[in-house]
Amino acid sequence: MDIPGRGFSISITTADSFLSLKLQKKSDFESKNYLPYTNCSPWGCGDRLIIKSMHKMKKNYLRKVSLLALCSVVTSLVWAEPVSENMARRIASKYLASPELQQSSVITRAAENHEQQPAYYLFTNVGDDKYVVVSGESRLNEVVGYGKMSPNADKSVVKEFKTLLQRYERVVRAVREGKAQASPIRLPKIREVKPLLTCHWEQNYPFNLYTPAPNGVNTPTGCVATATAQLMYYHKWPKSRPNAYIFSQGTEAQKSADYQWQYMKDYAKQMDNKGGDAVGVLMRDVGKAVRMHYYYKGSNSNLHYAMDALRNDFGYSVRHLYKDYMLSGAFCDVILNELSDGYPVLVCGGSHVFVFDGYDRRGFIHTNWGWGGEFDGYFDINTIYLPVSGFGLNDGKFYEEIEVVLAHPKDGSHKEFAVLRGLETRDIYPFTVAETEVKRGAVLHAKVKKLGTNSPVNGELGRFTGKVALGLYDEKGVRVKLFNAFQTEINLSSIFSTTTADFDNLDFAGLPNGTYTLKPLSNELTERPSTYSGWQSIVYANTQMVELTDDKIVVKEPAPRIHLSLERQPDLLAPLYQGSGRQGVFGLVVKNEGWEEVRGKIIVRFEGIENGIKYTAPIMQEVLAQRLETTALRAPVLTSYDTNGVSNALLAGRYRVSFFIFVDKGGNQSEEIPIATTAPIEVNVLPNTAPFYLSINGIEFLSDGKSTPLQVFNPEETKMLGLMVTANLRGSKNYYGPLFYRVQDMTDGTSVDIGSVANVSFNAFAYIPPKTTLAQFPLNRLKRGHTYEVHVEIKEGDQRVDVWNNETPRVQFAVSNPGSTGVSTIENAPSIPVIYNLQGTRIVIPADRLPKGVYIIDGKKVMR
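Residues 154 to 1017 in the working numbering are what the sequence shown lists, from first letter to last.
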């Protein structure tokens, strides 16, 4: 059996400024049968690291550093070029009154030599306690993080923050080399959620009042206990303590049958003796429940133990999710919707456990690290989540191996998760068939690896006792045969254990010709001797397609090697002007139905409809189309350039556009892969005569005339939806004329004109009152269950021109279905449907977004 753990275990010893890291390979970690504990000192996973400045730095040190965690990813990013210091300073000025660039060997170490562009810039402000970290790469979100500082001169910086920034440097490098890209997600109900946790607890006194003290000094509480206790304090649940933890003697809190939530406070300094006693008892109870191993340098446990403790000891309904085994966007859907519903989320990233507890309008997620408020803040984590290859086992993995626990109190007033029992796989592609093509009558062999479970213990039967099989389904979705595993019974007693099921009996004799689906199934023994739950799908497991002919058995590839297509019409994020020197930018949503990821350079070709000009834009952008995923890409375009003294240019007019990805295979071998479209793409190149440049920077929503934080609207509650813009105008002239609002349906690609303002007046370099741009429309004009993206246009000559600032993420909103409160995937997220078309090609569009047709969904034929 395997024991799933992190890529390395890290032991840290410190002596003043001396730091040594001992890395153990994962194979060593598993062979010694270590449990995958999370090792945390009061300052994180290990001891503290001291930042020493390379230059004189004013005594402004990070206090609340914005760490973890954007899940939302924008489809419109910024210019495809490094960010200069001046540009970074302009961005920082949105957050600081007088931003000053700082230099440090750790925090702002951005380039390895003077010729490289920085990965990020750190700005502070003498006048207040704020800071902002600006990205040095324009293809990523402009702000890496922001928060507050402390004036303490010798403040320590936790290892995770240093590691996170190092990861960010590497991700920037990967993006510049074309090794990373981002994917779009759906919307949470509310545009922003202020931090849910009011507490800022840590691991020392008074929280460790009752932890073991082997050398006369109380050991730290550990990050698992701290994060779990903070979540429980937020809910003030449970009311009663576990009976086994109640003392017959001792302090009032130790003897109390109830938790004394009323005495606990948000900060250690606010607690009196009663508060310290109460929170110390809570931390010790949680430590026992999560099986904490206490050490003077740091105490350790595991997120799975926290899940078990919440479920079994503290009265919570729980759900566990692995990010890596879910489709792109589904994981973030769950997190954002949990937060919008008012539930903090327990998270394990790398070797630390912490809490997600809010997000802002940009999609930055707020993280409470459990260090007394130090480093709490907002952070753009979407690039850290991206898989970055080529840096070794430890590179790109710190935030790739994310897992979370969702927890709702079972107090009668909160929604409880359905109890899910059964097996899951802990691998991206766990089900394989050994043979691909054999003669009819042959017997095939297969295996399903990394089988595990998070089910509660069922008495002597443990976490799971039962059978594993492969179900064979015909084109109608009817199971026609069952192949039992070689192992007659699977037994899993630990949530950390995994095993493999082998099959040597895939015999298709007697079956008619046709296409079939093989699907991994489990059947749990719920009571001896022979009471079973029934066959059900194994969570996260893939399927295989089998074609039977007169003379062959063919195991089909679940997807082609490569197949790229546009999921919807491209967005023109920045208009194309003849000879303007300004970049035009296309926003593409590319679906790769193949098992092979496509890395290369985006090529944009134009063919004039009237003037016949053929033009290939100079290659500027490295992209990655992720396998079996839908990926948001950018295609920047220059409308003119010179090559060896020869001028190439697009003149004003209308053009057909096509897109390709150029892949360099090495050894003078290359491949140009087309991005297929369902209809011709046409675009206008405009004359460069505009006397001004208008940018739309954001949208405010009004529900029946009142400002609202929502971005998912119910037509039964909102009759009229209003939109107004924040904008700025630069140039030599003002703009006076109409303003148009158009929304693009993200589900089917159609556009709807929803309103306009007949005459708006925009003066150059002057404040534009948003209310002068207000347009309202009946919400029932839009389709329920659909998501829409806002486009804002003005009149230039006889044409309407999109004037969104492509440095600002596009604004989206959704219209809810009847009875729905938002786009939520909590209940179905662990059971992602596997979808194929009738040709055997796997479909990566979510089931609720499929166009009309017939599909095989989880082995059953379904008409949409």
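Cβ atoms here follow ideal geometry from the backbone N, Cα and C, with glycine treated the same way.
Being a predicted model, the structure only gives us computed values, none of them experimental.
Problem set entry | Three-state secondary structure assigned by DSSP to residue 417 | coil
Problem set entry | Meets three-Cβ-pair contact criterion under 8 Å: the region 693 to 713 and the region 726 to 739 | no
Problem set entry | Member of 381, 397, 826, 556 whose CA lies at the smallest distance from the CA of residue 150 | Residue coverage of the chain in this structure runs from 154 to 1017, which leaves residue 150 outside it and unanswerable.
Exercise. With which residues is residue 823 paired in a DSSP beta bridge?
Worked result: 817
Problem set entry | Ranges of the beta strand (DSSP E) found wholly within the region 451 to 495, counting only runs of at least 3 | Considered as a whole, the region 451 to 495 harbours 452 to 454, 469 to 475 as its complete beta strand (DSSP E) runs of no fewer than 3 residues, in chain order.
Problem set entry | Complete beta strand (DSSP E) runs within the region 626 to 673 (minimum length 3 residues, chain order) | Counting whole runs of 3 or more residues, the region 626 to 673 contains the beta strand (DSSP E) stretches 632 to 637, 643 to 645, 652 to 660.
For this session: Name, in chain order, the residues that DSSP records as bridge partners for residue 394.
Result: Answer is none; residue 394 lacks a bridge partner.
For this session: Give the single residue among 861, 906, 948, 789 whose Cα lies nearest to the Cα of residue 890.
Result: 948
Problem set entry | First and last residue of the uninterrupted beta strand (DSSP E) at residue 906 | 904 to 915
Problem set entry | beta strand (DSSP E) runs contained entirely in the region 691 to 778, provided each spans 3 or more residues | Within the region 691 to 778, the beta strand (DSSP E) runs of at least 3 residues that lie entirely inside it are, in chain order, 697 to 701, 705 to 709, 717 to 719, 724 to 727, 737 to 745, 751 to 761, 767 to 769, 775 to 778.
For this session: Spell out the partners DSSP gives residue 427 in its beta bridges.
Result: Answer is none; residue 427 lacks a bridge partner.
Problem set entry | Residues near residue 905 by beta carbon distance below 6 Å, same chain, minus five either side | 896
Problem set entry | Identified DSSP bridge partners for residue 603 | Per DSSP, none; premise fails for residue 603.
Problem set entry | Length of the line joining the Cα atoms of residue 826 and residue 784 | Rounded to the nearest angstrom, the two C-alpha atoms are 16 Å apart.
Problem set entry | For residue 411 and residue 562, the rounded distance between their alpha carbons | If I take the Cα positions, the gap works out to 16 Å.
Problem set entry | Buried versus exposed call for residue 272 [16 or more other C-beta atoms within 10 Å across all chains shown] | buried
Exercise. If we ignore side chains and look at the alpha-carbon of each, how far apart do residue 649 and residue 617 end up?
Worked result: Going from the Cα of residue 649 to the Cα of residue 617 covers about 12 Å.
Exercise. In three-state terms, what does DSSP make of residue 321?
Worked result: helix
Exercise. Is residue 901 buried or exposed, if buried means 16 or more other CB atoms sit within 10 Å of its CB?
Worked result: exposed
Problem set entry | Close Cβ partners of residue 466 (< 6 Å) along its chain, the five nearest in sequence each way excluded | 395, 442
Exercise. Looking at residue 625 and residue 632, is the spacing between their C-beta atoms short of 8 Å?
Worked result: yes
Exercise. Based on Cα-Cα distance, which residue from 885, 468, 378 lies nearest to residue 500?
Worked result: 378
Exercise. Where does residue 1020 land, buried or exposed, given buried means 16+ other C-beta within 10 angstroms?
Worked result: A question about residue 1020 goes unanswered here, because the residues of the chain that appear run from 154 up to 1017.
Exercise. Buried or exposed: which applies to residue 423, given that a residue is buried once 16 or more other Cβ atoms fall within 10 Å of its Cβ?
Worked result: Residue burial is scored here from C-beta neighbours: residue 423 has fewer than 16 other C-beta atoms within 10 angstroms and is therefore classed as exposed.
Exercise. CB residue 816 to CB residue 878, shorter than 8 Å?
Worked result: no
Exercise. Which one or two residues does DSSP pair with residue 400 in a beta bridge?
Worked result: Note: residue 400 sits in no beta bridge, so no partner.
Exercise. Grouping DSSP H, G and I as helix and E and B as strand, with all else coil, what is residue 433?
Worked result: helix
Problem set entry | residue 873 classed as buried or exposed, judged by whether at least 16 other C-beta atoms fall within 10 angstroms | exposed
For this session: Check whether the Cβ atoms of residue 452 and residue 523 lie closer than 8 Å to each other.
Result: Annotated as distal: residue 452 and residue 523, with beta-carbon spacing of 8 Å or more.
Exercise. From the DSSP output, which residues share a beta bridge with residue 793?
Worked result: According to DSSP, which records beta bridges pairwise, residue 793 is partnered with 802.
For this session: Report the residue from 848, 728, 912 whose alpha carbon sits nearest the alpha carbon of residue 835.
Result: 728
Exercise. With DSSP run on the structure shown, which of helix, strand or coil describes residue 933?
Worked result: helix
Problem set entry | Cβ neighbours of residue 802 in the same chain (closer than 7 Å, five flanking residues each side left out) | Excluding positions up to five away in sequence, the list reads 732, 792, 793.
For this session: Can you have a look at residue 549 and say buried or exposed, based on whether 16 or more other CB atoms are within 10 angstroms of its CB?
Result: With a pLDDT of 29 at residue 549, under the threshold of 50, the modelled position of this residue cannot be trusted; read the value that follows with caution. By the neighbour-count rule (16 or more Cβ atoms within 10 Å), residue 549 is buried.
For this session: Assign residue 944 to one of three DSSP states: helix, strand, or coil.
Result: strand
For this session: Taking residue 346 as part of the alpha helix (DSSP H), name the residues at either end of that continuous run.
Result: Going by DSSP, residue 346 is part of no alpha helix (DSSP H) at all; its letter is neither H nor E.
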